[in-house]
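Note that the sequence shown ends on residue 425 in numbering that gives the first Met the number 0; no numbers are left out. What follows is a short report on a single structure.
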Amino acid sequence: MSQVKILCRVNEADSFKINDNYIDYNINQNNIFTYTFWNKKLLHLPNFFTKTALDMLYISLFVYGADRIIPRDSTDDCWTRNFKLYIPVLDKNAWVKNKNLLEEMLCFLSGDSWEIEFRQRELTKREKEYKNSIEVNKNKIDFNEVCMFSGGLDSFIGAIDLLEDNLERDILFVSHYGGGKGVKEFQDILRNKLIKKYNLMENNFYSFYASAKKGVEETTRTRSFMFFSHAVVLASSSKKTVKLIVPENGLISLNIPLTSSRLGSSSTRTTHPYYLSMFQELLNNLKLDVNITNPYQFKTKGEMIKGCSNIEFLRKNIINTMSCSHPFLYGETDTCHCGYCLPCVIRRAAILKAGIKDDTRYREVDFTSKGIAKVNYSSYMLGLKKFDKKRAFLNIQKAGPIKTDLEKFTDLYIRGMNELKTFLED
Numbered sequence: 000m001s002q003v004k005i006l007c008r009v010n011e012a013d014s015f016k017i018n019d020n021y022i023d024y025n026i027n028q029n030n031i032f033t034y035t036f037w038n039k040k041l042l043h044l045p046n047f048f049t050k051t052a053l054d055m056l057y058i059s060l061f062v063y064g065a066d067r068i069i070p071r072d073s074t075d076d077c078w079t080r081n082f083k084l085y086i087p088v089l090d091k092n093a094w095v096k097n098k099n100l101l102e103e104m105l106c107f108l109s110g111d112s113w114e115i116e117f118r119q120r121e122l123t124k125r126e127k128e129y130k131n132s133i134e135v136n137k138n139k140i141d142f143n144e145v146c147m148f149s150g151g152l153d154s155f156i157g158a159i160d161l162l163e164d165n166l167e168r169d170i171l172f173v174s175h176y177g178g179g180k181g182v183k184e185f186q187d188i189l190r191n192k193l194i195k196k197y198n199l200m201e202n203n204f205y206s207f208y209a210s211a212k213k214g215v216e217e218t219t220r221t222r223s224f225m226f227f228s229h230a231v232v233l234a235s236s237s238k239k240t241v242k243l244i245v246p247e248n249g250l251i252s253l254n255i256p257l258t259s260s261r262l263g264s265s266s267t268r269t270t271h272p273y274y275l276s277m278f279q280e281l282l283n284n285l286k287l288d289v290n291i292t293n294p295y296q297f298k299t300k301g302e303m304i305k306g307c308s309n310i311e312f313l314r315k316n317i318i319n320t321m322s323c324s325h326p327f328l329y330g331e332t333d334t335c336h337c338g339y340c341l342p343c344v345i346r347r348a349a350i351l352k353a354g355i356k357d358d359t360r361y362r363e364v365d366f367t368s369k370g371i372a373k374v375n376y377s378s379y380m381l382g383l384k385k386f387d388k389k390r391a392f393l394n395i396q397k398a399g400p401i402k403t404d405l406e407k408f409t410d411l412y413i414r415g416m417n418e419l420k421t422f423l424e425d
């Protein structure tokens, strides 16, 4: 596929052009892109954002937009696209120095080819207005930690464990949702449960929407970069070292294909150790004082549930968490777990492992009524049949290089597969 060139803009005053065919992409035009980052809740932050953090946010929005508007099936192999983005930034020198690292990170995350050319810009009128408003506002919040809050079971456990251990409540929870149905409603329910249980404020929670108009590509592997970038830009307002907590079970983060199809569209490298290491390196190079940690890197989902700091609160609210990769189907009026996608199967296996009654509503419980459920079940069983403990240390390298803790990751993988085996053979 020939290179897709996208000229990115943050305002109408940007008159930059190139001598070639390109897609003109101004994310502040509502017919092109919609996002809700700039809102009044930002005024309670300690300071305005650092230049490189704000740049990262916009870069992630442009990357996500490109990911959505160019379909994979338009390429020769129906997967790999070739992008060149022309992006305006506030600190061009910093980004030019880290151009190769950023491109490598994006290539690993999405499976595409990325080239980015940076140009210098200044703060927009809106950015200046928010900067002034944040500086004069006296009603500030203080925080030392930022936690990703997706509305899933893992992120809910992460929130509970943090809040049970943190009496100061100096934590920001960051959520993101897109145009699809099925995510925000669960995030809202869990947010309200946490506020009531732990006496939190609304200002402890930041939720952002982003959607590319005319977006046709559904794989959206770059969505996690945008999700993380929202957290990073908020963290930069503290002007001190902030811990960025990414709560996800280690089996999912390894992204090891259980079936051949898992290598395709539904696969994600959101929290793969190699991706997180590159992301941390980028943060360090940009002098963004944010330390990424996944406290559950070496735990299965079942082990996360069993080890939760408030198991009773978790037990009552498991039904309010959403793990499914496609919780809403065309023609349906409400959302629920499908029951047969890999995230659903890992969820069901984990709840069984923890010995908790699963009251979650699943479209498909026993893999018999829907064609795709039967196919998935057969694929899972084939994957389990082919699973070889002796080759586990090789299998964990399939999605990306594991450079440290090889034995711990191998043992985690074996325990995770045993968790799945117990459920699927039940």
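Just so it is clear, CB atoms sit at the ideal spot from N, CA and C, and this is done for glycine as well.
Inset, instruction - Taking 8 angstroms as the threshold, find out whether the segment 213 to 232 comes into contact with the segment 49 to 61 through three or more Cβ pairs. - result: yes
Legend entry - Coarse secondary structure for N81, derived from DSSP in three states: strand
Legend entry - Alpha-carbon spacing of G177 relative to C146, whole angstroms: 19 angstroms
Legend entry - Cα-Cα separation between S112 and T74, rounded to whole angstroms: 12 angstroms
Inset, instruction - Give the DSSP bridge partners of A209, in chain order. - result: Y34
Inset, instruction - With DSSP as the reference, label V182 as helix, strand or coil. - result: coil
Legend entry - CB-CB length for L100 against N284, believed under 8 angstroms: 7 angstroms
Legend entry - According to DSSP, residues forming a beta bridge with K40: K40 is not bridged to any residue.
Inset, instruction - Let me know the secondary structure DSSP gives S59 once reduced to three states. - result: helix
Legend entry - Neighbourhood of N97 by C-beta distance below 7 angstroms, restricted to the same chain and skipping five residues each side: L281, N284, L285
Legend entry - Three-way DSSP call (helix, strand, coil) for V374 in this model: helix
Inset, instruction - Compare the C-alpha of Q119 against each of Q186, V95, E163, D66 and name the closest. - result: V95
Legend entry - Extent of the continuous beta strand (DSSP E) run through I156: Note, I156: premise wrong, no beta strand (DSSP E); alpha helix (DSSP H) at 152 to 164.
Legend entry - Segment contact, 8 angstroms Cβ cut-off, at least three pairs: the segment 234 to 247 with the segment 145 to 160: yes
Legend entry - 6 angstroms Cβ shell around P45 - same chain, five flanking residues per side excluded: K139, S236, S237
Legend entry - Cutoff 8 angstroms; reference L189; Cβ partners in own chain excluding five residues on either side: F148, G150, F155, A158, N316, N319, T320
Legend entry - Cβ pair I69, V3 closer than 7 angstroms: yes
Legend entry - C-alpha distance - L199 paired with F82, whole-angstrom precision: 43 angstroms
Legend entry - the segment 213 to 223 / the segment 33 to 42 touching (three or more Cβ pairs under 8 angstroms): no
Legend entry - Exposure of V215, with buried meaning 16 or more beta-carbon neighbours within 10 Å: exposed
Inset, instruction - Would you mind sorting V88 into buried or exposed? The rule is 16 or more other CB atoms within 10 Å of its CB. - result: buried
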